[in-house]
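Take a look at the structure set out below.
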Amino acid sequence: MKKRLLTGLTLVLVLVLLVGLNTAFAKTTYLNMGSTSSTSGLYAWAVATASVINKADNDIRVTVIESGAALDNLRRIKDGAFDFALCVDSASAMQLYKGISTFEGEGWEPIRWLFLRNAITNRLHVRADSGIKTFKDLAGKKFCPGFPGASSTTNFVNFNEVTGTGIELVLASLGDAVNSFKQGKIVGLQKSSSLASLDSSLIEVNLKTPLAVIGYSEDDMKKIRAAYPYIIFFETPAGSIKQLPDHPTIMEEGQVVGAVASSNMSEEVGYEIVKAYVEGLEKVAAAYAGIKGWDPIGDAFKLIAPGGEIPIHAGLYKYCKEKGIEVPERFIPPECK
Numbered sequence: 045m046k047k048r049l050l051t052g053l054t055l056v057l058v059l060v061l062l063v064g065l066n067t068a069f070a071k072t073t074y075l076n077m078g079s080t081s082s083t084s085g086l087y088a089w090a091v092a093t094a095s096v097i098n099k100a101d102n103d104i105r106v107t108v109i110e111s112g113a114a115l116d117n118l119r120r121i122k123d124g125a126f127d128f129a130l131c132v133d134s135a136s137a138m139q140l141y142k143g144i145s146t147f148e149g150e151g152w153e154p155i156r157w158l159f160l161r162n163a164i165t166n167r168l169h170v171r172a173d174s175g176i177k178t179f180k181d182l183a184g185k186k187f188c189p190g191f192p193g194a195s196s197t198t199n200f201v202n203f204n205e206v207t208g209t210g211i212e213l214v215l216a217s218l219g220d221a222v223n224s225f226k227q228g229k230i231v232g233l234q235k236s237s238s239l240a241s242l243d244s245s246l247i248e249v250n251l252k253t254p255l256a257v258i259g260y261s262e263d264d265m266k267k268i269r270a271a272y273p274y275i276i277f278f279e280t281p282a283g284s285i286k287q288l289p290d291h292p293t294i295m296e297e298g299q300v301v302g303a304v305a306s307s308n309m310s311e312e313v314g315y316e317i318v319k320a321y322v323e324g325l326e327k328v329a330a331a332y333a334g335i336k337g338w339d340p341i342g343d344a345f346k347l348i349a350p351g352g353e354i355p356i357h358a359g360l361y362k363y364c365k366e367k368g369i370e371v372p373e374r375f376i377p378p379e380c381k
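Numbering-wise (our numbering), the sequence shown opens with residue 45 and increments by one.
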């Protein structure tokens, strides 16, 4: 009788322990994800990304938080307000990692790369009938480079300074900039766009107020690269922008943009985020077509020039090893060596 009682009690104890362990393993991880302005066409990418992560079987729940994009996101990751963030370009992340340029004296080595969204241009838009053909032609004119906190805005401000162009800068949100543009208060605005298309927020604007895009001269690029050697420029071939078939060949500032976290995020959580994003890529692309044709893992290794990289997250490194994706030595984080 005693043996039966002891056996029964042992089974009950084992069951209790198993239930407790399962509960512990099933603990939900709640994450705050930085994004961008809700008026940006990129906000749809942020919402769709959070959705595929939340729907994956990983016990992770992501909350999308509106932000000022790249620079704001990086500072808030460093401060602990965000667990990870989207809409961050590799150059800005590198500046934080090394404590240079925008982040002079604010270096923070825990910043880590998660996955790529795409490569983009920080496109300069003006009225088609303005007569403005180049960056230099903006001298003395009112132009909106973007909103405070965006890396593209900071870059443009820096470019204006190092080239001595003398553009009258009007910083504003996208919505305010578009309204000012329509009212003739500014001659144009900068907006990040995919390589072959206008940003969705400007397609309708172009129908009512025809747009033209302008680029940088060789002299401009030489001065900019002398001060900021990590800046990338892409050649946009004539007629390659879908909505502007008559535009000439121009040189535009390019950026490699994606998601970042920090080494404070566990390897497993980082791995699950990367896995969910890659596996849910088609669903994300249905919400934001700008990611179509881009490899969220391998393209970053190809496009980010030596010296412009930051270490990848341990979770991404684990995913790469699992899938047989070669990681260049310069991207391997110290915690994985």
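We treat Cβ as the ideally placed atom computed from N, Cα and C, and that holds for glycine.
- The beta carbon of K327 sits closer than 8 angstroms to those of A92, S95 and V96, all from its chain and outside the five residues before and after it, given in chain order.
- At a cut-off of 4 residues, the continuous stretches assigned as alpha helix (DSSP H) that sit fully inside the stretch 232-315 are 244-252 and 262-271.
- Between the stretch 259-269 and the stretch 183-191 there are fewer than three C-beta pairs closer than 8 angstroms, too few to call the two in contact.
- Assignment of E212 by DSSP, reduced to helix, strand and coil, places it in the strand class.
- In the DSSP assignment, N102 is bridged to no other residue.
- With distances taken between CA atoms, L255 lies nearest to D243 out of T83, N98, D264 and D243.
- Secondary structure note for V328: its alpha helix (DSSP H) is the uninterrupted segment L325 to A331.
- Note on the stretch 152-212: whole alpha helix (DSSP H) runs with a minimum of 4 residues are 195-207, in chain order.
- Taken through DSSP and simplified to helix, strand or coil, A129 comes out as strand.
- Comparing C-alpha distances from M265 to each of F179, P372 and A90 shows the shortest one belongs to F179.
- Assigned with DSSP and collapsed to three states, L86 falls in coil, not helix or strand.
- With respect to the 7 angstroms criterion, A135 and Y274 are classified as neighbours on the basis of their beta carbons.
- Boundaries of the beta strand (DSSP E) around G78: T73 to G78.
- Taking C-beta atoms as the reference points, S82 and S111 fail to come closer than 7 angstroms.
- Sorting K336, M295 and T280 by C-alpha distance to the C-alpha of P289 places T280 at the top.
- In the structure shown, V222 adopts helical secondary structure according to DSSP, grouped into three states.
- The closest CA to that of N102, considering only A216, S196, N166 and Y321, is found on Y321.
- Distance from the Cα of F225 is smallest, within the candidate group T253, N202 and T207, for T253.
- When N204, G228 and E353 are compared, the shortest CA-CA separation from P189 is found for N204.
- Taking each of N117, S306 and Q287 in turn and checking the Cα distance to P192, the smallest one comes out for N117.
- DSSP, reduced to helix, strand and coil, places I317 within a helical segment of the structure shown.
- Residue environment analysis places D133 among the buried positions, since at least 16 neighbouring C-beta atoms fall within 10 angstroms of its C-beta.
- D123 and N308 have their C-alpha atoms spaced approximately 12 angstroms apart.
- The DSSP-derived three-state label of I348 is coil.
- Considering only K336, Q299 and E370, the residue with the shortest C-alpha distance to R167 is Q299.
- Annotation: the continuous alpha helix (DSSP H) that includes G359 extends over A358 to K367.
- If the five residues before and after G151 are omitted, its C-beta is found closer than 8 angstroms to the C-beta atoms of L140, Y141, K142, G143 and I144, all from its own chain and listed in chain order.
- Cβ neighbours of T293 within its own chain (closer than 6 angstroms, five residues either side excluded): P281 and A282.
- Under DSSP, V322 takes part in no beta bridge, so it has no partner.
- Contact between Y363 and K319 holds, with the beta-carbon distance rounding to 6 angstroms and staying under 8 angstroms.
- Per DSSP, the beta-bridge partners of T107 are N76.
- Its chain contains P372 as the residues whose beta carbon lies nearer than 6 angstroms to that of F345, once the 5 sequence neighbours on both sides are disregarded; these appear in chain order.
- V201 has its alpha-carbon roughly 23 angstroms from the corresponding atom of G85.
- Per DSSP, the continuous alpha helix (DSSP H) segment holding I121 begins and ends at A114 to D123.
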